[in-house]
Structure formats: structure tokens, C-alpha cells
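Visitor: If you're matching positions, the sequence shown starts at 351 in the numbering used here and goes up one per residue. For every residue, glycine included, the Cβ atom is placed at its ideal position computed from N, Cα and C. Keep in mind the model is a prediction, meaning the values are calculated, not measured.
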Amino acid sequence: MTNDVSDWWRTAIIDMEPGRIALRGQPVEDLIGQISFAEMIWLMLRGERPDPRAAKLLEATLVAAVDHGPQAPSIATARMAVTCGVALNGAMASAVNMLDDVHGGAGEQAVELYHQIDAAGGPDAAPEQVDQWRRDHGRYVPGFGHRFHPVDPRAPALMTLVKAAADKGVVTGRFRQIALAVEQHLAKTASKPVPMNIDGATAVIHAELGFPAPLARGLFVLSRSVGILAHAWEQTEQGGRNKGPTPPKYRWTYDGQT
Ligand SMILES: CC(C)(COP(=O)(O)OP(=O)(O)OC[C@H]1O[C@@H](n2cnc3c(N)ncnc32)[C@H](O)[C@@H]1OP(=O)(O)O)[C@@H](O)C(=O)NCCC(=O)NCCS
Numbered sequence: 351m352t353n354d355v356s357d358w359w360r361t362a363i364i365d366m367e368p369g370r371i372a373l374r375g376q377p378v379e380d381l382i383g384q385i386s387f388a389e390m391i392w393l394m395l396r397g398e399r400p401d402p403r404a405a406k407l408l409e410a411t412l413v414a415a416v417d418h419g420p421q422a423p424s425i426a427t428a429r430m431a432v433t434c435g436v437a438l439n440g441a442m443a444s445a446v447n448m449l450d451d452v453h454g455g456a457g458e459q460a461v462e463l464y465h466q467i468d469a470a471g472g473p474d475a476a477p478e479q480v481d482q483w484r485r486d487h488g489r490y491v492p493g494f495g496h497r498f499h500p501v502d503p504r505a506p507a508l509m510t511l512v513k514a515a516a517d518k519g520v521v522t523g524r525f526r527q528i529a530l531a532v533e534q535h536l537a538k539t540a541s542k543p544v545p546m547n548i549d550g551a552t553a554v555i556h557a558e559l560g561f562p563a564p565l566a567r568g569l570f571v572l573s574r575s576v577g578i579l580a581h582a583w584e585q586t587e588q589g590g591r592n593k594g595p596t597p598p599k600y601r602w603t604y605d606g607q608t
């Protein structure tokens, strides 16, 4: 029999009664001081405690993506919002809203691409699947290339950790092989070098750990929120009022009627 009041929200995440809080069936006091924040994220999202070595890999991605400076639209938004008098919560919400398909979404798309290649047979299917992806979605392959860094230093650091984890049997390493095959194909076919970037490497880890593609975006948002908070707080302490995206002496290009 259903209870129309208690069944209004159904959840397997948390159970509570006065004096008791249990998350995924585990009393919160058994978790506090016992598990890392990355393990807690895993437990909340997947309902089980991870192998700590797998959680370390997840944690590495969370560390890697925290910040990419005030030219990143999300970070700039946080700082501009603060100078408009928006409090930290509002500044963070404004900034997180910038993280969508184009800024912050490449990780999710890269996980999808890796899964597509995996379903088509693995690394050997990469060239054909990448070409198909470009026909379907446009010339930019998610997770590769960078406007600022010739080599994104975060990608090789993460890939080294995946290799070590695969060597120890923590993950299979099959998505690492797929991503390397994509990189090799792009090296042969793109008009300029487009090595793997942080989103491509993070997507390898998310796929290796079994996170579904949409969660890749959510995990990126969790990580970038740290940088967003740091910049919002720094701007709060610096002060400044009503700052736009450029110093006021620089004008935009007007190309309308004169
Ligand atoms: C990040 C990005 C916008 C940087 O692009 P850029 O270095 O300014 O490159 P350009 O737009 O000037 O393109 C230059 C050439 O490199 C190619 N190229 C760049 N990134 C590519 C990619 N990811 N896949 C395939 N080709 C790519 C372009 O097709 C273009 O080739 P063409 O001259 O034959 O048309 C681009 O690499 C991209 O969109 N990557 C995918 C999205 C992504 O991973 N974003 C997260 C970045 S951390």
C-alpha cells in the first residue's frame, strides 16, 4: 500500500529520524572522519563505498579542474557578480550556470564518444567513429585541443595516474587505449596538433570508473565550484564595484548604423 504523503518523495539516498541520519544506509557518524570527500561523492552518487584506489582517481579529476583563471567565463561571472553586490551563493549560482555544452560540457561529450567507440569494437574503431562523430556533431572532437595550452599539463598528469591504476588492476585501461587511439587519429588528420585536454583525460577516468556521461558534467561542476568560490571570495575581499568584462576604457566594436 502506498502512502500519498511519505511517497511524495522517494529516495534511496538518505534516511532520517530524530537523532539519526543515515546516508546510503550508513550512519553519518560512521562516515565523518572516516572517508574522504571523493569517497563521499561516490557513495552518494552510486550507493556504495568505492575501492579507495578508485576514489583516488576520482579525486585527482576533482583537483585538476578547480580553476582555469578569470578568462574562463564561469570564473569571470563569479567575480563580476560579486562586484554587482551579489552574495557568495548567488555569485556561485551565476557562475555554475555558465557551465553548459560549450564551457564545461566537453567531458560529458567525450565520455559519450568513448562509449560509442567502445561499443563499435574498441581502439581499432576509433578512426571511423571519430570521423562519424565529426560528421554528426561538427569538426571539434570533445576532449582534444586547447586554445591556450599547446599541451594541457593536466591531461598527461591524469593519464599517468590511469596507466598506474590499470597496471594495478584498479581499472581495465580500455578507455585509456580508446582515448589514445582518438589522439593518434587526430594527430594524423587535424590541420594542427590537437592533443588531449583536461576534459578528454577526465572523461577517460570517469568512463574507466563507470560514471555515466551526464554525471561527468555534474562532477566537473563540483570541482569548478571550488575555484568559483575562491575567486568570488577573493573578489569580495578586494572590493570593486560593478566591474564589466573589460576595463571601461576599452570599447566594443560597433558595427551598426552611424
Ligand atoms: C578548445 C578549442 C575551442 C580550441 O580550438 P583552437 O585551438 O582555437 O582551434 P581552431 O578553432 O583555431 O581550429 C584550428 C584547427 O584545429 C582543428 N581542431 C581544433 N580542435 C580540434 C578538435 N578538438 N578536434 C578536431 N579538430 C580540431 C580545427 O578543426 C581546425 O582545423 P581546420 O583549420 O582544418 O579547420 C577546440 O580544440 C575545441 O573545441 N575542442 C573540443 C572541445 C573541448 O574539448 N573543450 C575543452 C577545452 S579544455
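Between the alpha carbons of PRO597 and ASP451, how many angstroms are there, rounded?
Guide: For the purposes of this step, residue 597 is taken as the residue at position 247 of the sequence shown. For the purposes of this step, residue 451 is taken as the residue at position 101 of the sequence shown. Cα-Cα distance, rounded: 28 Å.
Visitor: Near ligand 1, which residues have their beta-carbon closer than 6 Å to a heavy atom?
Guide: ALA456, ARG489, TYR490, VAL491, PRO492, GLY493, PHE494, GLY495, HIS496, ARG497, LEU536, ALA540, SER541, LYS542, VAL544, ASN547, ILE548 and ASP549
Visitor: With 16 as the cutoff for other CB atoms within 10 Å, does ASP549 come out buried or exposed?
Guide: Working through the sequence shown from its first residue, we reach residue 549 at position 199. With 16 or more other CB atoms across the displayed protein chains lying within 10 angstroms of its CB, ASP549 is buried.
Visitor: Look at VAL491 and VAL554 and say whether their C-beta atoms are less than 9 Å apart.
Guide: As a position in the sequence shown, residue 491 is number 141, starting the count at 1. As a position in the sequence shown, residue 554 is number 204, starting the count at 1. For VAL491 and VAL554, no; Cβs fall outside 9 Å.
Visitor: In three-state DSSP terms, what is ARG526?
Guide: For the purposes of this step, residue 526 is taken as the residue at position 176 of the sequence shown. Here ARG526 sits in helix by DSSP.
Visitor: Tell me the rounded alpha-carbon separation between GLN421 and LEU463.
Guide: Here residue 421 refers to the residue found at position 71 of the sequence shown. Here residue 463 refers to the residue found at position 113 of the sequence shown. For GLN421 and LEU463, the distance between alpha carbons rounds to 28 Å.
Visitor: If you count every other CB in all the chains shown that lies within 10 Å of the CB of PRO400, and 16 or more means buried, which is it?
Guide: Here the question's residue 400 lines up with position 50 in the sequence shown. Classification of PRO400: buried, given that the 10 Å Cβ count is 16 or more.
Visitor: Beta-carbon separation of HIS556 and ALA566 under 9 Å?
Guide: In the sequence shown, residue 556 corresponds to position 206, counting from 1. In the sequence shown, residue 566 corresponds to position 216, counting from 1. Yes. Within cutoff.
Visitor: Taking 9 Å as the cut-off, decide whether the C-beta atoms of ILE425 and GLY577 are in contact.
Guide: Looking up residue 425 in the sequence shown gives position 75. Looking up residue 577 in the sequence shown gives position 227. Contact flag set, yes.
Visitor: Roughly how many angstroms separate the alpha carbons of GLY375 and GLY383, rounded to a whole number?
Guide: Here the question's residue 375 lines up with position 25 in the sequence shown. Here the question's residue 383 lines up with position 33 in the sequence shown. Each residue's Cα considered, the two are about 17 Å apart.
Visitor: LEU393 lies in the alpha helix (DSSP H); which residues open and close that run?
Guide: Translated into the one-based positions of the sequence shown, residue 393 becomes position 43. Start and end: 387-396.
Visitor: Under the three-state reduction of DSSP, which class applies to MET366: helix, strand or coil?
Guide: Within the sequence shown, residue 366 is the residue found at index 16, counting from 1. Three-state DSSP puts MET366 in a strand.
Visitor: Is the region 507-524 touching the region 425-439, taking contact as three or more C-beta pairs under 8 Å?
Guide: no
Visitor: Note the first and the last residue of the continuous alpha helix (DSSP H) segment covering ASN439.
Guide: Here residue 439 refers to the residue found at position 89 when the sequence shown is read from its first residue. Note, ASN439: alpha helix (DSSP H), 438-446.
Visitor: Exposed or buried, what is HIS453 when buried is set at 16 or more other beta-carbons lying within 10 Å of its beta-carbon?
Guide: Locating residue 453 in the sequence shown gives position 103, counting from the first residue. Answer is exposed; the Cβ neighbour count stays below 16.
Visitor: In whole angstroms, give me the CA-to-CA distance for ALA537 and ARG370.
Guide: Numbered from 1 along the sequence shown, position 187 holds the residue referred to as residue 537. Numbered from 1 along the sequence shown, position 20 holds the residue referred to as residue 370. Distance between the alpha carbons of ALA537 and ARG370 is about 56 Å.
Visitor: Taking HIS418 as the reference, which of THR608, ARG574, ALA515 and ALA388 has the closest Cα?
Guide: The residue you call residue 418 lines up with position 68 of the sequence shown. With distances taken between Cα atoms, HIS418 lies closest to ARG574.
Visitor: Tell me the rounded alpha-carbon separation between TRP358 and ASP365.
Guide: By 1-based counting over the sequence shown, the position of residue 358 is 8. By 1-based counting over the sequence shown, the position of residue 365 is 15. Each residue's alpha carbon lies about 15 Å from the other.
Visitor: Taking a contact to mean a Cβ-Cβ separation below 9 Å, would you say MET509 touches MET448 in this structure?
Guide: Residue 509 sits at position 159 when you count from the first residue of the sequence shown. Residue 448 sits at position 98 when you count from the first residue of the sequence shown. Contact: no.
Visitor: Mapping DSSP to helix, strand and coil, what is GLN482?
Guide: Residue numbering aside, residue 482 sits at position 132 when the sequence shown is read from its first letter. Three-state result, GLN482: helix.
Visitor: Using the DSSP secondary-structure output, state which residues sit across from PHE494 in a beta bridge.
Guide: In the sequence shown, the residue the question calls residue 494 occupies position 144. Answer is MET546.
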